[in-house]
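>
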Amino acid sequence: MKTNQITATEPVYHLIAMLEDAKKGYSSAAERIRDDVLSLLLERFSCQKERYCNELRQLVKELQIESPIDQITLSLLQRIWMGLKNPFAYERKDIIILGFIKGEETAIINYTQAIEQIQHDHQMRIILERQLNGIKTVINALRYIQVKLLCN
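Structure, rendered in structure tokens:
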């Protein structure tokens, strides 16, 4: 049974790493961008990623399973967020938003795959599906901002 649990939690560990990177990306952008409203929104998205990350960590802790993936591997995952450094240098809101949209699209793919891999754990599926819906809401907000920036 423990082998099945370890296999089931592997996608969750990947999501945790992705969420950590996303949280850092949003937080960094919030600090650097020169738009108070957008900065506040990005900070809220960072807090959402932190909350999601904590929920998944708690769930794995409750299952009492150690990570089969070493921390170095985790830190290399989902580096799309780190590709946002160049847009920050130029402080172009449209490029920053586009980078976050791409990151959230990747998150949707990863969450969908994780949900497919976790067929038997009902509690985990519910949490992942709820978080996926939150990510879809964020991407819709980012797309709205993108349209508004293009219109200006």
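When the letters of the sequence shown are read in order and numbered with our numbering, they come out as residues 949 to 1100. Note that the Cβ used here is the ideal one computed from N, Cα and C, for glycine as well.
(1) How would you label asparagine 1088, buried or exposed, when you count the other beta carbons within 10 angstroms and need 16 or more for buried?
(2) How would you label threonine 957, buried or exposed, when you count the other beta carbons within 10 angstroms and need 16 or more for buried?
(3) Go ahead and pull the three-state DSSP assignment for aspartate 1042.
(4) Below 8 Å on the Cβ atoms is my guess for tyrosine 961 versus lysine 997; work out the distance and round it to an integer in Å.
(5) Isoleucine 981 by DSSP, collapsed to three states: which one?
(6) Look up tryptophan 1029 in the DSSP assignment and say whether it is helix, strand or coil.
(7) Using CA atoms only, rank isn't needed, just tell me which of Leu1090, Glu979, Ala965 and Cys1001 is closest to arginine 1078.
(8) Which of the three DSSP states, helix, strand or coil, is assigned to leucine 1022?
(9) Of the choices Leu989, Gly1051 and Asp984, whose alpha-carbon is the least far from that of methionine 966?
(10) Alanine 970 to isoleucine 1056, Cα distance in whole Å?
(11) Would you please state the rounded distance, in angstroms, between the beta carbons of asparagine 1081 and leucine 963? I believe it to be under 8 Å.
(12) Using a 10 Å radius around the Cβ and a threshold of 16 neighbouring Cβ atoms, would you call isoleucine 1074 buried or exposed?
According to the structure shown:
(1) Position 140 of the sequence shown, counted from the start, is the residue given in the question as residue 1088. By the neighbour-count rule (16 or more Cβ atoms within 10 Å), asparagine 1088 is not buried but exposed.
(2) Here residue 957 refers to the residue found at position 9 when the sequence shown is read from its first residue. So threonine 957 counts as buried.
(3) Here the question's residue 1042 lines up with position 94 in the sequence shown. For aspartate 1042, the three-state secondary structure derived from DSSP is helix.
(4) Counted from its first residue, the sequence shown places residue 961 at position 13. Counted from its first residue, the sequence shown places residue 997 at position 49. With a Cβ gap of about 15 Å, tyrosine 961 and lysine 997 do not count as contacting.
(5) By one-based count along the sequence shown, residue 981 stands at place 33. Of the three classes helix, strand and coil, the one that applies to isoleucine 981 here is coil, per DSSP.
(6) Working through the sequence shown from its first residue, we reach residue 1029 at position 81. Unreliable placement is indicated for tryptophan 1029, whose pLDDT of 45 sits below 50; the coordinate value is still reported in the next sentence. Tryptophan 1029: coil per DSSP, three-state reduction.
(7) As a first step, residue 1078 is located in the sequence shown; it is residue number 130 there, counting from the start. Nearest option by C-alpha distance: Cys1001.
(8) For the purposes of this step, residue 1022 is identified with residue 74 of the sequence shown, where counting begins at 1. Interpretation of leucine 1022 is limited by its pLDDT of 47, a score under 50 that renders its predicted location unreliable; the figure taken from the coordinates is listed afterwards. If DSSP states are grouped into helix, strand and coil, leucine 1022 belongs with the helices.
(9) On the sequence shown, residue 966 is found 18 positions in, with the first residue counted as 1. The shortest Cα separation from methionine 966 among Leu989, Gly1051 and Asp984 belongs to Gly1051.
(10) Counting from 1 along the sequence shown, the entry for residue 970 is found at position 22. Counting from 1 along the sequence shown, the entry for residue 1056 is found at position 108. Rounded to whole angstroms, alanine 970 to isoleucine 1056 spans 13 Å at the Cα level.
(11) Here residue 1081 refers to the residue found at position 133 of the sequence shown. Here residue 963 refers to the residue found at position 15 of the sequence shown. Not a contact, Cβ separation roughly 14 Å.
(12) Start at 1 with the first residue of the sequence shown, and residue 1074 comes out as number 126. Classification for isoleucine 1074: exposed.
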